[in-house]
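What follows is a short report on a single structure.
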Amino acid sequence: MKEREILMDYEIIDAPEYLERLIIYEIATKSFTSPNGPESGTFASMEEKLPYLEELGINAVWLTGHQLCDKSHFYNIWTEYACIRPDCIDPSLGTEAEFRHFVESAHSRGIKIFLDVITHGVMEDSPLVKEHPDWFLGGSWGMRDFDWYGGHADLDAWWVDTWLWYIKEFGIDGYRLDVAHYRNDLWALIRRKAADMGKKIVIIAETGPAIPGVTDILQHGEAVSHNHGLNHSFRMLHDAAGYCRDRQIRANERWEVKIFYEDGTIQDSRDSSWFGKSKVPEVIFEGDVTEKIVCADGCASYRIQKGRLRVENIHDEKRIQNIQVINKAGQVWNSSREGVLEVDYTVEYTKAKNKLTVYFPYRIQDGQFLSVQLSCHDDGWVGFPEEESPYAAKGSRYLAGYTTLLAPAIPVFMSGEEFNADYRPLPQLAPGLYGEGEPGKGRWLYGSWIDWEQLKNPEKAAMLEDMKRIIQIRRAHPHLIRPGKMGEKTDRFCPVDYDAEEILPIPYCYREENEVLLIAANPDQENDVWVKLDLSQILQPESRCRVSILFGEAQGDEAEFVENGINLSEHKWLIRRDKTSRGGLLVLKIEEIRKGQE
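Numbering-wise, this note's numbering puts 152 at position 163 of the sequence shown, and it's gapless, one number per residue.
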């Protein structure tokens, strides 16, 4: 037994060490460049933009366009998500040799490449459906779904071989899993086999959970924007460090339970109107458990961390059809697999009279890094206002820097966001998911036809320079700006008290030994603000400190100066109005000067 446990621990393949330093930039291959008009982007034309990406400072590309796909299934344009064959390069994007050269060129500039994986299935007319009809069961998104739980050993082997092929033949660094993981065991096996080939890969899940040995982070684990615009209720917008710190220790987490009975009745712990107060289930959180799972090959394994709930006051005489667990972010887990995408992550429960013990997997397991998404291709979904841009920041240095690029989480953002690109839909982009509506009127961000001529606009060029500066700050201070981990109690970053005439997002700082990095923001697009930052909990009053303004507008000779701690807490700092050059954000670097260093 001890030998088996040691093997299980050893074979859980961790993420590469560079994971915590990632700055992820999403590219839709066909619309990122336009060598021959709209939807003409290729691997070769994208490779020509690599010097730009290197100068921007990102170090990872989430590439949403590489495999053989349908030309018009979603929104009337070519998309990665209308996959025909995941085991083939789409010839309209280039040859295998051109794809390999693009990846090699990206690597030479320090940029990792992650591919999109359409996990649920393929198009109805895919040759795979004809060649292997037994591999498929049902459908979704107007496509055919893989029968992941039908015991098809040949499907499993083909899936593993396909994604290992991209690693072996092209040097791909990892994957982003669209919709759901489905088979944890297969992805754990892919990780192990890739490691055996000498390459640790990163796997990004669109939805949870992020599981040690399977997936590393959630793409939109914490999202500043969503399909229909800015997430105004998101605490990150006004308390980035406090929110991340609370997420790490699951503080103030709330779980609700909904019970569906076979007779059609429902009990909902959130709603006392169903059966009267006496029949509302009471939900008590009882901690968590960790389960080790060994894959079928006997080598690869992974861990799932599950929350445990006690649910009292249920109908003991009725048969249960389904149980849902809902967290405060609206994420849902089910006990029934019917109609559920994330079927690997079902609720387990035992019933004893009028009580339940319920187990459900956390979205982010302890030890996993937090991530935050500023924008992604799904912004601007069906119903998004035609007159608005689906980009999130829209020129806001506050949103880009405070909530995402400098926050204690791994940042993700969409191409074009860095220079406040005017949204220009591809000519054939329709408003409806399956091509309904007038072409050219869609707002889906995947269909953003990036017009690089816009960089001739001084305001957009200034936004780009500010984004470069913000990204460089993060990259220059990896010892300070590190993403938080779930389950990790840390004082490396913390909110900072302030005094100002306006209510501002709560400033925050990173600290290690004698070095402090402080971030403050001004979301106001019309007015500058003056702010005093209380550094008394960070610096000794008598400390001599060297202060550098890394982002913001210095007053007089203040770009770099020496002052003591007590005076710094009384100092007033100017933060220019947002959406202007060097506005919306203030970043200070404070170094305590030790004797002999002056």
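The beta-carbon is built from N, C-alpha and C at its ideal position, and this holds for glycine as well. The structure presented is a predicted model; accordingly, all values stated were derived computationally and were not measured.
Close Cβ partners of residue i (< 6 angstroms) along its chain, the five nearest in sequence each way excluded
{"i": "GLU85", "result": "ILE78"}
{"i": "LEU610", "result": "Shown here, the chain extends from -10 to 587; a query on residue 610 therefore has no answer."}
{"i": "GLU(-6)", "result": "Bear in mind that the predicted position of GLU(-6) carries a pLDDT of just 38, short of 50, making it too unreliable to give a figure here."}
{"i": "LYS449", "result": "PHE408, ASN409, GLN443"}
{"i": "LEU(-4)", "result": "Confidence at LEU(-4) is low in this model, with a pLDDT of 38, below 50, so the placement of that residue is unreliable and no value is reported for it."}
{"i": "GLY328", "result": "none"}
Distance, residue j Cα to residue i Cα
{"i": "MET(-10)", "j": "ASN343", "result": "With a pLDDT of 27 at MET(-10), under the threshold of 50, the modelled position of that residue is not reliable, and the figure given next carries that caveat. Those two C-alpha atoms are separated by around 38 angstroms."}
{"i": "TRP263", "j": "GLN256", "result": "Note that TRP263 scores 46 on pLDDT, short of 50, meaning its location in the model is unreliable and no value can be drawn from it."}
{"i": "ASN323", "j": "TRP441", "result": "45 angstroms"}
{"i": "GLU427", "j": "ASP59", "result": "20 angstroms"}
{"i": "LEU418", "j": "GLU425", "result": "10 angstroms"}
{"i": "ASN516", "j": "LEU575", "result": "15 angstroms"}
{"i": "ARG583", "j": "LEU528", "result": "13 angstroms"}
{"i": "GLU581", "j": "TRP130", "result": "57 angstroms"}
{"i": "PHE349", "j": "LYS578", "result": "43 angstroms"}
{"i": "LYS340", "j": "ILE248", "result": "12 angstroms"}
{"i": "THR335", "j": "GLY110", "result": "20 angstroms"}
{"i": "ILE13", "j": "GLY473", "result": "16 angstroms"}
{"i": "ASP235", "j": "PHE540", "result": "27 angstroms"}
{"i": "ASN65", "j": "PRO24", "result": "21 angstroms"}
{"i": "ARG224", "j": "VAL213", "result": "9 angstroms"}
{"i": "HIS304", "j": "LEU345", "result": "10 angstroms"}
{"i": "GLY319", "j": "GLU337", "result": "19 angstroms"}
{"i": "SER532", "j": "GLY231", "result": "26 angstroms"}
{"i": "GLU15", "j": "ASP105", "result": "10 angstroms"}
{"i": "PRO530", "j": "LEU422", "result": "60 angstroms"}
{"i": "ALA403", "j": "ALA389", "result": "The question names Ala, but residue 403 in the sequence shown is Met. Cα to Cα, the separation comes out at about 11 angstroms."}
Minimum C-alpha distance to residue i - residue among the options
{"i": "ALA4", "options": "ILE248, ILE495, LEU153, GLY356", "result": "GLY356"}
{"i": "TYR387", "options": "PRO467, ALA229, ARG243", "result": "ALA229"}
{"i": "GLN526", "options": "TYR487, ARG471, LEU153, ILE47", "result": "TYR487"}
{"i": "LEU226", "options": "PRO472, LEU394, ALA451", "result": "LEU394"}
{"i": "ILE282", "options": "GLU275, PHE274, GLY276, GLN294", "result": "GLN294"}
{"i": "CYS365", "options": "TYR423, ASN556, THR53", "result": "THR53"}
{"i": "VAL278", "options": "ARG236, GLN354, ASN316, LEU219", "result": "GLN354"}
{"i": "GLU0", "options": "CYS284, HIS55, PRO116", "result": "CYS284"}
{"i": "TYR250", "options": "ARG243, HIS209, LEU298, GLN310", "result": "GLN310"}
{"i": "ARG565", "options": "CYS534, ILE555, ASN503, LEU493", "result": "LEU493"}
Cβ pair residue i, residue j closer than 8 angstroms
{"i": "TRP438", "j": "ARG413", "result": "yes"}
{"i": "MET112", "j": "ALA71", "result": "yes"}
{"i": "ILE190", "j": "ALA199", "result": "no"}
{"i": "ASP76", "j": "THR151", "result": "yes"}
{"i": "ILE192", "j": "TYR164", "result": "yes"}
{"i": "SER81", "j": "ALA177", "result": "no"}
{"i": "GLU211", "j": "ALA510", "result": "no"}
{"i": "VAL92", "j": "ILE161", "result": "yes"}
{"i": "GLU491", "j": "VAL518", "result": "yes"}
{"i": "LEU45", "j": "LYS457", "result": "yes"}
{"i": "VAL401", "j": "LEU359", "result": "no"}
{"i": "HIS221", "j": "TRP370", "result": "no"}
{"i": "VAL505", "j": "TYR497", "result": "no"}
{"i": "VAL361", "j": "ILE312", "result": "no"}
{"i": "TYR380", "j": "LEU434", "result": "yes"}
{"i": "LEU415", "j": "GLY436", "result": "yes"}
{"i": "VAL321", "j": "VAL246", "result": "no"}
{"i": "ARG297", "j": "GLU375", "result": "no"}
{"i": "ARG181", "j": "SER115", "result": "no"}
{"i": "LEU524", "j": "LEU557", "result": "yes"}
{"i": "LEU207", "j": "ARG352", "result": "yes"}
{"i": "ARG243", "j": "LYS317", "result": "yes"}
Close Cβ partners of residue i (< 7 angstroms) along its chain, the five nearest in sequence each way excluded
{"i": "ALA33", "result": "GLY83, GLU87"}
{"i": "ILE156", "result": "ALA183, MET186, LYS188, ILE190"}
{"i": "ALA95", "result": "LEU39, VAL50, ILE102"}
{"i": "TRP148", "result": "LEU175"}
{"i": "ILE238", "result": "LYS478"}
{"i": "GLY139", "result": "LEU126"}
Neighbour-count burial assignment, residue i, 16 or more Cβ in a 10 Å radius
{"i": "THR392", "result": "buried"}
{"i": "GLU37", "result": "exposed"}
{"i": "ILE179", "result": "buried"}
{"i": "VAL551", "result": "exposed"}
{"i": "ASP567", "result": "buried"}
{"i": "ARG98", "result": "exposed"}
{"i": "ALA240", "result": "exposed"}
{"i": "PRO201", "result": "buried"}
{"i": "TYR41", "result": "exposed"}
{"i": "THR68", "result": "buried"}
Own chain partners of residue i with C-beta closer than 8 angstroms, once the 5 adjacent residues on each side are dropped
{"i": "THR204", "result": "LEU166, HIS170, TRP176, ILE192, ILE193, ALA194, PRO198"}
{"i": "ASP411", "result": "SER378, ASP440, GLN443"}
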